[in-house]
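Let me begin by presenting the structure, written as structure tokens, before commenting on it.
Residue numbers (this note's numbering), protein chains in the order written: chain A, 2 to 984; chain B, 632 to 1048; chain C, 84 to 184; chain D, 7 to 195.
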């Protein structure tokens, strides 16, 4: 069988044969085909199964509105479910398989559902499957879930790459049919920056599918000529295979370009590009969509939209049938009969629901029935005949149906626009409230005759650019002959006894809408939700209006009174991969690397993600097989001699200005106004609600110059907060902020030998002895021969410690130098784990304690909050519930049995109390193994903790099982008097 | 009352479905009710249902501006769970969970309560510690929780990105009893149950003013006239500020848009609900096969039921980072709901300073899962004028006292909760 | 959304970080007798209008300006954008002017 | 003096790579100093700039170019400018201070950024994939400057010359930023 239904016609390239497979069968098509046109040319009728009843489904449309012909494209990890054959461009080697059947497409086991259809009426599942209770999850639901869904994901990672981009223009024209081309021509000729996009791979829209002429040439020739003229303009960008899928606030349009979907392989180039289009004007030229008429068994393969039937014949030379009947309520349906007859196709009948005379000359041989009704059709896997209301039976293998055309108003509704009803064309047209900058031209605006479409596009193109101040050219619109466009609304054949489909994919019938009405689901939104109408992959593009008409009939109201459905983006479904673009795997978010990263990598460091940063977690030495060995060693070596840790990730903010001190005094809860030059102070920052926001230090380098550090996690938030205070609360202050986090590589040098080590690199003219540079001193110094540096005598570890900062360009060199210089002291580098162990040993709060829920009082720093000044958070920190006598406080914990391991996240319960929420006294926030103490230690919050030293409570961990006894102790496990850090 | 059952469905199928009646009546409003509930969403309908069923108060009207269920009960991602941390929240949500578990038999409507589990992933030790604390809170409150390591997650969801992730999955907190519920059916089921017990459900009835005399709220003005009531129960999350401003009240609430997304129908690939904290993404697969997913709120005050592209892309980025196998699935539809974002991320069920006027709102993006408990506790408050024991903390004055219920620790910044 | 920055012209809203109602620049006097109540109302209560809303946005990925944007919460239409610092300064000038009377 | 010396590195060690129609290269030996305007000190700063660099305070979005040290000055925030000039030493602020004295608060930012030049006929096509701003010459002519976000990273873009753009982004995320640019170059080829 080779292209038995192909005729010599259309816009395909018969010289270029393409082989493809459908359900394993190798077939042949031509360049310019869609999968649908190629399947039709090869005589295929049935290509899929419906969602609920598993009824045979054929190709229904010739565009993106397709509800039926959904296939799985490609295979393996490239498998793409629910792909519309009607918009799938044929390529050599294309693989397609049908979906949603068990067994073969032809003999689908699940088709048994159709026999039970009367039990599976709309919403039946809400009324049953409730008994016995356990059966829902164990039996009913698994069966339903297994039957549901359409196509199948491969379960493998999507192997393709995607990209995104930004486009800017004066005028975006959506749709390159006659109105779009006309609009782009007039806007482009005026010199505006124009983008013209169309979802099809060929510009021209319906001109490619019709036999109408423009400017005395065939429509598609005119389209080609217009495209050539446009592509010669520098200011015009033409984008085929690109769908404007959504209209967002302030004129932003989302568009998807399918770059390689028409190729057998994307060769590692982006498969699709998601464009965000910023445009001053959008001219929507999206055309219109034909809709069907509902009648008995109107869902059989071979029953198609009339416009689609002639598109297949005119554009693709593919015959949907050899003996075609037409059922229409409008003049346009007749075009199908005429075009096909001209191509020599037998027209068995034209049934027009309207009374009166045929609007055009009748094709010879066709039976014409004016005022006719089709009540039923026959043919199991494809239509074979139709039955009329008068009992007449007419054989046919393709029935072309036209219920009129609905303007594609989707993008006009993506914001608040509601379409309005126009009785003369029996259709909704764009309403008054259009998205910002949007205009609608052509069929999308309800102008259906080709001549008016051409004029409309031309005029709106001109209007858009003259709005923007461009000078118009004198060119006229292209012209075409007037065609008749009469229509008389007709939605469904009431005489039909058999089920009449509205939503072909989700199997919603006229009866379902009536049942919905009967049960009170009368609002359009109730109707959709109750029956699933319009919820399928086509979003009811062909189904919604006829269904609305049936509901209107039930309620006795007009269609606009009954309602309209709101269209939501996207216009057609968009691959999630495209919406994600490049953001996946390691590229999901940027990575920030510390200045010592390359060096740490050389040392074999294990890294951990902290926000966007990667930090060294620990540095394994040869022979160390467990992370604890490395961490214990790093801690021990640091406390015994000296250790070095990259602390660049802490936020650093340069603060300058005459009011810098006064500003900090308002930002911090403790006093800062009188901090002497050359000193650092620890500060706590509250949110305005009195809860701890952050802690850190600020160093004063001169009267007007401070350098603040924040925690790594809060660096961005604190900066933003300070800018808010500076600009919005105290704009009168002379204070300036700039981040210097990136500017300096900063290392903690900690341990009894820290000074000795630093003295080896600090230039001799800087005295850093304990006397000259005591605890909490800071200064601008030079190292290694005039390299500028900043030195801070601050300690997170509790040891004699410094933080030294050099310009980032020297960071890598400095860490190598310090390690080399420290060799004689057995220096160690340490990572975030050892840092954590040492800060817990010292009782310092960190992220687990500063979790946005704790107060300074909870952290044992309540007295630091000054009551004598105005600062952020001061007033509200005094609220009663934040100052309860039995409030939480941060204390230390040690296991009663030293061999027990503490776990963070355990909850504290008094001995003998039942484990429930009422008896919950707090939780363990941070734990570590202390190599110095030889047992596990923890920090945690417990009610009145500071008054309960020595008490034993239970640390309960029902989540992981078990509980242990712990003793409440001081949080300062090491050197509680602070002698070391002052040494 | 027309009882639904498999038998009834079969009988109707054989007799042409002629016997089905409207699921709720379309009554004209009476002049006065004992309780008027403003808002025919999930919470309002549940309140009416429990008022009638549990507290015997049936002279009740539910006033709905549009069609019932048109608010957030019909535009959420259908997740139910009780995996909260704080004592003010966890018992309440666990109460709700237990009500979900018996709901369908209770109101004779299949809302497809499906406990396929909810898994919150963590990516580092601090995340594990926070979830351990939370899991223990849940168990102490009588809920269920399981802490999974990476292997445990891999066993349930082999299709996640374990090997090449920017934020590697280290484990997760699983609540096996969490899951999903068919959202619209919840509204319809409660509506049916309330209607059958005599509650008047009045659609297309917009409240335009409060009738307040001498500090006592005596009724509401509507587009269908004044309706008097002994108690007015406002329950209009998303529009709380708008409605309460009619009584002159300012609330600790901002309205924000939360977008939600559904893919085309697919054969089953995800058993339960997964949330990806590092990437603002959560997902489940509906019984119809669509991947239902969402992420953060858009982040600016809005009453428009639609969002913008940056969040759409952010959510899909999270999705692809978590499960790169969904790249070829297509996003079918996106929509937005308007959330009452409160100042600490937790709701309110309380009397107001105006006698006869009650308020239920501030549900943030978590109102759906709370529907049964919210209805029950609100009904309790209305019937007995004291808070239900499970909802004692949801008071309007808690910020004055400093008794915030701030699960995320974000402070008075509603768009961060 | 697009915010028309008074200094930089139209920028995508994704360059900005949202804070909330413009009333957040009216921080109360910490020494007022009813400071606790004033701060409560300031920090926690919102008009939250359905319609025109003056609100604070921070141009984090731009020039770090805090802006006051007048935006309709029903339609998202933006009708005015001001520099918050200008507004705050004008407010101070206004208040001190009143104080002198 | 200590026995140790420190050696400087640049974010990308002088990276340079050519693609079809577009070149990507690191720019070095330029210092960046933040120049913040003291309250009510705009006139004083303007005078200092005029007498030293012989330039005016630029409006937001536009470069002022000086011949002294090939300096360019542009606005970064309402009261803050960046001065970028030829200098490879360690004390960029003292260089600027020698010209401006106390007319501004200065902060060295030379080590805070990676500077990457994207040039060639395809440079705009490349940037179209990551830069949300309209950089068409009709709206972003040569001498224009703007800060925006590219692939989650704050980036300052300067239109230096025809088909040539200089990008400044944070130094710590240099490799992610370079990857974003290179990926774009591959994707448009």
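In this text, a Cβ means the ideal position worked out from N, Cα and C, and glycines have one as well.
Count the other CB atoms within 10 Å of the CB of residue i; is the residue buried (16 or more) or exposed (fewer)?
i: residue 353/A; result: buried
i: residue 290/A; result: buried
i: residue 649/A; result: buried
i: residue 529/A; result: buried
i: residue 874/A; result: buried
i: residue 913/A; result: exposed
i: residue 603/A; result: exposed
i: residue 26/D; result: exposed
i: residue 546/A; result: buried
i: residue 258/A; result: buried
i: residue 710/A; result: buried
i: residue 949/B; result: buried
i: residue 357/A; result: exposed
i: residue 935/A; result: exposed
Report yes or no: is there a C-beta of chain A within less than 7 Å of the C-beta of residue i?
i: residue 173/C; result: no
i: residue 101/C; result: no
i: residue 890/B; result: no
i: residue 767/B; result: yes
i: residue 115/C; result: no
i: residue 200/D; result: Given that chain D is displayed from residue 7 to residue 195, the structure contains no residue 200/D and the question cannot be resolved.
i: residue 44/D; result: yes
Kindly give me the distance between the Cβ atoms of residue i and residue j, rounded to whole angstroms, as I take these residues to be in contact under 8 Å.
i: residue 642/A; j: residue 826/A; result: 5 Å
i: residue 388/A; j: residue 304/A; result: With a Cβ gap of about 13 Å, residue 388/A and residue 304/A do not count as contacting.
i: residue 668/A; j: residue 734/A; result: That belief does not hold up - the Cβ atoms of residue 668/A and residue 734/A are roughly 11 Å apart, past 8 Å.
i: residue 153/C; j: residue 133/C; result: That pair is no contact at about 15 Å.
i: residue 333/A; j: residue 315/A; result: 14 Å between Cβ atoms; not a contact.
i: residue 830/B; j: residue 679/B; result: 5 Å
Chain C beta carbons: is any one of them nearer than 7 Å to that of residue i?
i: residue 83/D; result: yes
i: residue 639/A; result: no
i: residue 2/A; result: Residue placement at residue 2/A is poorly supported in this model, since its pLDDT is 48, which falls under 50; the coordinates are not used for a value here.
Under 7 Å, Cβ to Cβ, is there at least one residue of chain B near residue i?
i: residue 157/C; result: yes
i: residue 924/A; result: yes
Entirely enclosed alpha helix (DSSP H) segments - the segment 871-913 of chain A, minimum 4 residues: none
Whole beta strand (DSSP E) elements within the segment 587-630 of chain A, 3-residue minimum: 607-611, 614-619
Cβ contact (3+ pairs, closer than 8 Å) linking the segment 808-816 of chain B and the segment 739-758 of chain B: yes
Three-pair Cβ contact test at 8 Å for the segment 789-801 of chain B versus the segment 694-707 of chain B: no
Ranges of the beta strand (DSSP E) found wholly within the segment 762-792 of chain A, counting only runs of at least 3: 779-784
Sufficient close CB pairs (3 or more, under 8 Å) joining the segment 48-55 of chain D to the segment 805-820 of chain A: Under the 8 Å Cβ criterion, the segment 48-55 of chain D does not count as touching the segment 805-820 of chain A, having fewer than three qualifying pairs.
Contained beta strand (DSSP E) runs [length at least 3] in the segment 828-866 of chain B, N- to C-terminal order: Qualifying beta strand (DSSP E) stretches, in chain order: 831-833, 838-844, 847-853, 856-865.
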